[in-house]
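Peer 1: Residue numbers (the working numbering): 123 to 347.
One structure coming up, written as C-alpha cells, with questions to follow.
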C-alpha cells in the first residue's frame, strides 16, 4: 500500500522529502507498526488475565483485595506522564535515525567525489558524530521508559506490604485463616505479572509511536497533480 501510494504522489513530494526518509518509512517504520500491533494484542490478553486474577483475589477476601489493589489506580498517573515523554522521545530517535540513513546514502552516492578529495576521514567523523547523537537520544528514551517500571514495581511492593500487615491482623482476630491468607497472597502476587506485561506493552506502543504517525502521515499525503 505504501509503495503504490508513494508512486502516485507528485514530484514535489520528493523535493520536500529526502530519499533516506522515504526508504526509512518503508523499511523500518512498517516493521515498527508490526510491533505496535503485537503489543496491542499482548496488552489485551494480559488485561483479561489480570482481570481474572483480580476476581479470584476478591472472591478470597474483598477487604484484602481493596488494600491490595488500592494503589493500582495511583500508578496510572506517573505511567501516563512517562508514556507521554517516551512518545515524544520516539520522534527524536526517529529523526536522528533518518539523519544517519540520509548521510550513509550521500556517502555511497558520492563515494567517487570523496575519493578524489581524500575526504574519507572527514566523512567518517561526521557519520560517527551523528551516530553518537542518535545513540544518546535512544539511551535517554530508554531511561525515561524504565521509570514506568520503577514506579509500578515500587507500588506493587508497597501494596504487598500493606496486604501482609492487614492480613496478619485479620488472622490474629480470627477473621481469616492462614491458608486463605496464603492463597490470597499468591493470587495478588500473580496479578503483578500481567500488570507488568500491560505496562511493558503500553510503553512499547509509545516507543514506536513516531513510526505509526509517520506511516499515517505519508498515507494521508495527497498528490499535487
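C-beta: ideal position from N, C-alpha, C; glycine also.
The structure displayed is predicted, hence computed values, not measured ones.
In angstroms, rounded to a whole number, what distance separates the CA positions of residue 126 and residue 177?
Peer 2: Rounded to the nearest angstrom, the two C-alpha atoms are 49 Å apart.
Peer 1: Please report the residue range of the alpha helix (DSSP H) in which residue 197 lies.
Peer 2: Per DSSP, residue 197 belongs to the alpha helix (DSSP H) from 194-231.
Peer 1: Thinking C-alpha only, which one of 298, 262, 221 and 282 is nearest residue 209?
Peer 2: Looking at the Cα atoms, 262 is the closest of the given residues.
Peer 1: So, is residue 187 buried or exposed, given that buried needs 16 or more other C-beta atoms within 10 angstroms?
Peer 2: The residue in question, residue 187, is buried, as its Cβ has 16 or more Cβ neighbours within 10 Å.
Peer 1: Can you tell me which of the three DSSP states residue 295 falls into?
Peer 2: The answer is coil: DSSP assigns residue 295 none of H, G, I, E or B.
Peer 1: Which value, in whole angstroms, describes the spacing of the CA atoms of residue 220 and residue 288?
Peer 2: Looking at the two C-alpha atoms, the distance is approximately 54 Å.
Peer 1: Using CA coordinates, which residue listed in 296, 166, 147 and 199 is at the minimum distance from residue 327?
Peer 2: Of 296, 166, 147 and 199, the residue nearest in Cα terms is 166.
Peer 1: Of all the options 146, 162, 254 and 272, which has the alpha carbon lying nearest to the alpha carbon of residue 348?
Peer 2: What is shown of the chain runs 123 to 347, which leaves residue 348 out entirely.
Peer 1: What three-state label does DSSP hand residue 322 in the structure shown?
Peer 2: Helix, per DSSP.
Peer 1: Count the CB pairs spanning the stretch 277-285 and the stretch 214-229 that are closer than 8 Å, and state whether there are at least three.
Peer 2: Output reads no: the stretch 214-229 does not touch the stretch 277-285.
Peer 1: Fully enclosed by the stretch 227-268, which alpha helix (DSSP H) runs are 4 residues long or longer?
Peer 2: Segments of the alpha helix (DSSP H) lying fully in the stretch 227-268: 233-238.
Peer 1: Does DSSP put residue 183 in a helix, in a strand, or in coil?
Peer 2: In this structure, residue 183 counts as coil in the three-state DSSP scheme.
Peer 1: If you measure between the beta carbons of residue 147 and residue 124, is that distance less than 9 Å?
Peer 2: Taking 9 Å as the Cβ cut-off, residue 147 and residue 124 qualify as a contacting pair.
Peer 1: Can you find at least 3 beta carbon pairs, one from the stretch 331-339 and one from the stretch 149-163, that sit closer than 8 Å?
Peer 2: Touching, yes.
Peer 1: What is the DSSP secondary structure of residue 340, reduced to helix, strand or coil?
Peer 2: It is helical.
Peer 1: Would you please state the rounded distance, in angstroms, between the beta carbons of residue 313 and residue 197? I believe it to be under 8 Å.
Peer 2: The pair is not a contact, with the Cβ atoms about 13 Å apart (cut-off 8 Å).
Peer 1: Under the three-state reduction of DSSP, which class applies to residue 301: helix, strand or coil?
Peer 2: Helix at residue 301.
Peer 1: Taking 7 Å as the limit between beta carbons, can you name the residues of its chain near residue 345, skipping five residues before and five after?
Peer 2: 130, 131 and 132.
Peer 1: According to DSSP, is residue 161 part of a helix, a strand, or is it coil?
Peer 2: Residue state, collapsed to three classes: helix.
Peer 1: Straight-line CA distance for residue 175 to residue 206?
Peer 2: Spanning the two alpha carbons is a distance of roughly 29 Å.
Peer 1: Could you give the C-beta distance for residue 307 and residue 285, rounded to a whole number, given that I count them as a contact under 8 Å?
Peer 2: Confirmed, about 7 Å.
Peer 1: Which residue's Cα is closest to the Cα of residue 333: 244, 138, 193 and 145?
Peer 2: Cα-wise, what sits closest to residue 333 is 145.
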